[in-house]
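Undergrad: Under numbering that gives the first Met the number 0, think of the first position of the sequence shown as 0, with each following residue one higher.
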Amino acid sequence: MLFISEFLTCLSSASPRSCLVIALGGLYPLAFASTAQRSFAQVIPDRTLPQNSLVTDTLVTGGTKSGTNLFHSFQDFSVKGSILFVPDPDIRNIITRVTGNQRSLIDGILAVNGRANFFLINPNGITFGQNAQLGINGSFFASTAQSVKFSDGSEFSAKSPQAPLLTISAPIGLQFGTRPASIEQTGSQLLVPPGQTLALLGGDVLVNGGSLIANSGKISLKTVDRPEYVSLSEPSNLRLGNLEISHQAQLDASGLGGGRIEIDAGNVVLSNARIVSLTVGDQNGQGISIRSNQFRLQDGAQIAAITTGSGKGGNIDISATESFRLRGIDSALYQRDVASLIQTGVLDLNSPTIAITNSTFGQGQAGNISIAANQIQFENGIGIGGTTLQAGQVGAVNLQAKDVSIASGSVVTSAFRGSTGAAGNINIQADLLTVREGAAITTSTFGRGNSGKIDLNVKDTITLADTPKGSVIQTAIGSNAFGDNQAQAGNISIKTGRLLVSDGAGISAGSGGASGTVLISPTGGKAGDLEISATELIDVSGISEVLANGTQTSSYLSTDTGTSSQSGNLFIQTPILRVRDGANISVGSLGFGQAGTLTINATRIEVSGRKGDLPSRIQASTGKLSFSSIINPKATSDAGDLNLNVRELSIRDGATVTVENIGSGKAGNLNINADRIFVNNGSSIDARTGTAGGGNVNLRSQLILLRRGSNIQTDANLSNGGNITINTGLLLAVPTEDSNITATAQGGRGGNINIAAQGIFGLQQSRSLTFNSDITASSRIGLDGTVTLTTFGTEPNVSTDLPGTQIISSDQISQTCTRLAKTGQFVITARGGLEPPVSEVVQSTPIWMDERASTHSLSLQKSMPEMIEATGWVKRADGEIMLVSESTHRQILASCLLPSRAAHGS
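(1) Near T143, which residues of its chain fall below 8 Å by C-beta distance, leaving aside the five closest residues on each side in sequence?
(2) Which parts of the region 643-667 are runs of the beta strand (DSSP E), unbroken and 3 residues or longer, counting only runs that do not cross its ends?
(3) Check the DSSP bridge columns for Q247 and list the partner residues they point to.
(4) Considering only the alpha carbon of each residue, which of D783, L702, I703, N771 lies closest to A742?
(5) May I ask you to list the residues that DSSP assigns as paired with N680?
(6) Is the beta carbon of D251 sitting closer than 9 Å to the one on G286?
(7) Could you work out which residue in G308, A429, V268 is closest to I289 when comparing CA atoms only?
(8) List the DSSP bridge partners of S772.
(9) Under a Cβ-count criterion, where at least 16 other Cβ atoms within 10 Å of its own Cβ denotes burial, should A439 be classed as buried or exposed?
(10) For A198, which residues does DSSP report across the bridge?
(11) Using the Cα positions of I302 and K217, report the straight-line distance between them to the nearest angstrom.
(12) Let me make sure I understand the geometry here. Which of V42, L205, G361, I381 has the alpha-carbon closest to that of I82?
(13) Going by the beta-carbon positions, is the gap between V500 and D538 smaller than 9 Å?
(14) Determine the closest residue to R497 out of A486, P574, I472, with distance taken between C-alpha atoms.
(15) Pick from I703, A666, I759, R675: whose alpha carbon is nearest that of N722?
(16) Per DSSP, what kind of secondary structure is P44 in: helix, strand or coil?
(17) Give me whichever residues DSSP pairs with E605 in a beta bridge.
(18) Rounded C-beta distance between F117 and I135? I'm assuming under 8 Å.
(19) Enumerated in chain order, which unbroken segments of the beta strand (DSSP E) with a length of 3 residues or greater are wholly contained in the region 262-313?
(20) Indicate the three-state DSSP secondary structure (helix, strand or coil) for A439 in the structure shown.
(21) Which partner residues of P614 appear in the DSSP bridge assignment?
(22) Once you ignore the five residues that flank A422 on each side, which residues in its own chain have a CB closer than 6 Å to its CB?
(23) Buried or exposed: N236, going by 16 or more other Cβ atoms within 10 Å of its Cβ?
(24) Label N100 either buried or exposed according to how many other C-beta atoms from any shown protein chain fall within 10 Å of its C-beta, with 16 as the threshold for buried.
(25) Could you name the residues that DSSP lists as bridge partners for V500?
(26) Hey, G940 and N266 are a contact pair by Cβ (cut 8 Å); roughly how many whole angstroms apart?
(27) Less than 9 Å between the C-beta atoms of A715 and R687, yes or no?
(28) State buried or exposed for S65, treating a residue as buried only when at least 16 other CB atoms are found within 10 Å of its CB.
(29) Just the Cα atoms here: how many angstroms apart are L133 and S358?
(30) Taking the C-alpha atoms as reference points, what is the distance between V656 and Y333?
(31) Please report how far the alpha carbon of T60 lies from the alpha carbon of L53, in whole angstroms.
(32) Is the beta carbon of I353 closer than 9 Å to that of I370?
(33) Measure the C-alpha to C-alpha separation of V275 and T306 and round it to an integer number of angstroms.
(34) In three-state DSSP terms, what is R324?
(35) Between which residues of its own chain and G208 is the CB-CB distance below 7 Å, once the five residues before and five after are set aside?
(36) According to DSSP, simplified to helix, strand and coil, what is P734?
Dropping the structure here:
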């Protein structure tokens, strides 16, 4: 977009009005200087009008006048030199038809004396050669339609020219016949005066080089491939025929107030060409509208609606009933442009990697970009979006499709360094959204205005994947604040069925930024909040290839701050959350801004595995960022809390769930509410702090199981250790597997451990760690903490007195053990309520009511056999844990846990 750089250079060195020569694509020729040259026109009138046209050398006179309309009719109409129409001064519309069977070739100057609009219809086709020029003070319409229609219903037809009914009404539309011919423009400049319309309406329209210019006016290109009526003023819904704009061709409606560009076609191809509407001054722009079945932009082509003054820029609206496709020329160039944006805050609008832009260079707000299609596809280093250079706000980018795929491309809005305007919002509605190969959906501010918001509403699946080896950036969705500390990052809201993030890709709302070991920006306002809701699944997995900075990074969901501003909060809601193979979910602060809170509501959370040195983790931390290797031991801010509300939490194979502060601030609290918690194979739930304390772990669960060297722990460096509070039904570990619950400190007092449980099995209380599974609260050089264990089990060998009437209800007890018949019945003596049948699933935690009475005695009707202490446990097929004694282990498995033959139909 060379004109943009030329325009900016002019603004810095001259008056804005003098810069219109550049902005408007050149000055309109005020004099018809070429009329004296020899005419090579082939303009032959026919004899079909009441008053026929007269042609003398370079002049056309005569014709039939009807009110302010003047009708001309020709057997052939071609111009290779020049031709001048000379109507009466009161004529408003010159309507010209060609009734022969030859195409019209305009390869010279077509001019009109006066201010009349000029209509040329030739059903055989129209070609504008390299030397074609317009010397018309009104609007110009060229069409391969069969007839012109008027507001009173009459027609002026090129196919039925006999005895025409001429009218004083205004022309309103065109009637096309079968297989309309094409209109071709080959390298010439067709220009109408400011505020006028330039329209080409044919079967196919080909603009092969050259330019179409209507400063502050309207450019209309429409194609039709069958008998249809097309309005001259209203958008067409036909979307038929082909339109191609190529070979550095340009459509330009720039000017004071900004003009309008309308394209209606079946298939639209924009190749190495430009469509531009630059809004100058205080009037609002009129924008660009493209409606098609298939739209394709390639080979460095660009569409721009830009405002330079106080007027609002025009919108860019593109719709395609089938596909919308952008293809870049160089993915490596895209990577360089992204690197420049990250390092300098400059979005290079001259780069061919920016295909569609809605920017503002002044005080006015930019228009919106709206794209609607069945399928939207970006590939090979291409992007859309806008920036603000001053106080104007960037417009929104709206994408709507069934399938949106962005590969090595971008949707970007940004606020230029030093600007005060805000970046625009990004809104995507789709069934499927795929972002891959280093692609990015980002809004950022490098100035004093806020970045935009990102709102993704994707019915089925969002996929982020395939960060390429050597890439400057990860495949990412992000909202970032890199500029003034008052400029905030926008919030990100994601609603989808499934969210899949892999290969080092990520989603973040951040303040400041880092890449590898380099802090890119130490300034920026508050980070935005990230809210994700998935109705089926969220899966975050893996790490990237080695990036351009020499590092590998985790796949991530995060809200981070690398500045003194506050981090945003992260909220996740989904039935199933998986974090695996080195991925992470985090809220974090590099150390000077308050970290946010991480809250996850799920049915099942699985955190598993590691990749190289990167464990899978869910964390709230201070002193480091989620996708950077920078560590700041001088961090002063507090870490945020981590809250998990889940039915089943599984942490295994070296994964961690942690709150951490490696600096002088407090660590946050780790709060988990769950039905079941499984920690297995070297994994941990932990809270770590440096010098300020904090970092408590609070667990509430029906069952907690530790296996194979896993830990629940708090650890403090020079401060007091954090506390561990556990409320559970059963707390289980294998004694010899060295799984521990510890609250330790290096220099301060050890933390306190408070456990309230129905039963604790496999763990021993110890003053220090052993090779067995231990519970310990200790300090290396300070005072040890305290361990308080409270169990609620009932002494099995002592009978319990209960008041009231004996209840015998055989229908409350399963008559089979699982699926085995003839196993007898059970008698309940109680007033605390009836348990549900054994065969039913417990829908909620049962409530036990103690209604023992001290004044009543009750003898058991049958002596109870001595209960045997549990010495082991087994895991049922449904995942439940059952306590057993060694002597009955086999019997239980055979009778009550295994299905009968009858259950399998044998």
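We put the beta carbon where it would ideally sit given N, CA and C, even for glycine.
TA: Let's see:
(1) Reading the sequence shown from its first residue, position 144 is the one you call residue 143. Listed in chain order, the non-local C-beta contacts of T143 below 8 Å within the same chain comprise I120, N121, P122, N123, G124, I125, F175, P179, A180, S181, I182, L200, G201, G202, local neighbours out to five positions each way being set aside.
(2) Complete beta strand (DSSP E) runs here, min 3: 655-660.
(3) Position 248 of the sequence shown holds residue 247. None, per the DSSP bridge assignment.
(4) Position 743 of the sequence shown holds residue 742. When only C-alpha atoms are compared, the closest one is D783.
(5) Counting from 1 along the sequence shown, the entry for residue 680 is found at position 681. BP columns for N680 are empty, so no partner.
(6) As a first step, residue 251 must be located in the sequence shown, where it is residue number 252. As a first step, residue 286 must be located in the sequence shown, where it is residue number 287. No; because the gap between Cβ atoms is not below 9 Å, this pair is not in contact.
(7) Here residue 289 is taken as the residue at index 290 of the sequence shown, counted from 1. With distances taken between Cα atoms, I289 lies closest to V268.
(8) By 1-based counting over the sequence shown, the position of residue 772 is 773. In the DSSP output, where bridge partners are listed per residue, S772 has none listed.
(9) Within the sequence shown, numbered from 1, the residue matching residue 439 stands at position 440. It is buried - the Cβ of A439 has at least 16 other Cβ atoms within 10 Å.
(10) Walking along the sequence shown from the start, residue 198 turns up at place 199. DSSP output for A198 lists F140, S219 as bridge partner(s).
(11) Residue numbering aside, residue 302 sits at position 303 when the sequence shown is read from its first letter. Residue numbering aside, residue 217 sits at position 218 when the sequence shown is read from its first letter. If you take the alpha carbons of I302 and K217, they lie about 16 Å apart.
(12) To locate residue 82, count along the sequence shown from 1; it is residue 83. For I82, the nearest C-alpha among the options comes from V42.
(13) Taking the sequence shown and counting its residues from 1, one reaches residue 500 at position 501. Taking the sequence shown and counting its residues from 1, one reaches residue 538 at position 539. Their beta carbons are under 9 Å apart, which means V500 touches D538 by this criterion.
(14) For the purposes of this step, residue 497 is taken as residue 498 along the sequence shown, with counting starting at 1. Ranking the options by Cα distance to R497, first place goes to P574.
(15) One-based indexing of the sequence shown puts residue 722 at position 723. Nearest C-alpha to N722: A666.
(16) Locating residue 44 in the sequence shown gives position 45, where the first residue counts as 1. Of the three classes helix, strand and coil, the one that applies to P44 here is strand, per DSSP.
(17) The count along the sequence shown starts at 1 and reaches residue 605 at position 606. For E605, which the question treats as bridged, DSSP gives the partners R577, S649.
(18) Reading the sequence shown from its first residue, position 118 is the one you call residue 117. Reading the sequence shown from its first residue, position 136 is the one you call residue 135. Yes, F117 and I135 are in contact; Cβ-Cβ is about 5 Å, under 8 Å.
(19) 266-270, 273-279, 286-297, 301-306
(20) Within the sequence shown, residue 439 is the residue found at index 440, counting from 1. Three-state result, A439: strand.
(21) Start at 1 with the first residue of the sequence shown, and residue 614 comes out as number 615. BP columns for P614 point to R609.
(22) Numbered from its first residue, the sequence shown carries residue 422 at position 423. For A422, same chain residues with a beta-carbon under 6 Å away, outside a window of 5 residues either side, are V393, T412, S413, A414, T442, T444, S450, G451 in chain order.
(23) In the sequence shown, residue 236 corresponds to position 237, counting from 1. Result: exposed.
(24) Numbered from 1 along the sequence shown, position 101 holds the residue referred to as residue 100. Looking at its Cβ environment, which holds fewer than 16 other Cβ atoms inside 10 Å, N100 is exposed.
(25) Here the question's residue 500 lines up with position 501 in the sequence shown. V500 pairs with L463, V539.
(26) Missing from the structure shown is residue 940; the chain here goes from 0 to 905 and no further.
(27) Locating residue 715 in the sequence shown gives position 716, counting from the first residue. Locating residue 687 in the sequence shown gives position 688, counting from the first residue. Contact flag set, yes.
(28) As a first step, residue 65 must be located in the sequence shown, where it is residue number 66. When all chains shown are included, S65 counts as buried.
(29) Taking the sequence shown and counting its residues from 1, one reaches residue 133 at position 134. Taking the sequence shown and counting its residues from 1, one reaches residue 358 at position 359. Taking the straight line from one Cα to the other gives about 31 Å.
(30) Numbered from 1 along the sequence shown, position 657 holds the residue referred to as residue 656. Numbered from 1 along the sequence shown, position 334 holds the residue referred to as residue 333. If I take the Cα positions, the gap works out to 37 Å.
(31) Position 61 of the sequence shown, counted from the first residue, corresponds to residue 60. Position 54 of the sequence shown, counted from the first residue, corresponds to residue 53. Using only the alpha carbons, I get a separation of about 5 Å.
(32) Position 371 of the sequence shown, counted from the start, is the residue given in the question as residue 370. Position 354 of the sequence shown, counted from the start, is the residue given in the question as residue 353. Against a cut-off of 9 Å, the Cβ pair of I353 and I370 comes out as no contact.
(33) Within the sequence shown, numbered from 1, the residue matching residue 275 stands at position 276. Within the sequence shown, numbered from 1, the residue matching residue 306 stands at position 307. One C-alpha to the other measures close to 11 Å.
(34) Locating residue 324 in the sequence shown gives position 325, counting from the first residue. In the structure shown, R324 sits in a strand (DSSP, three-state: E or B).
(35) Residue 208 sits at position 209 when you count from the first residue of the sequence shown. Closer than 7 Å at the Cβ level, and outside the excluded window around G208, lie T185, G186, H246, Q247, A248.
(36) To locate residue 734, count along the sequence shown from 1; it is residue 735. DSSP places P734 in helix when its eight states are reduced to three.
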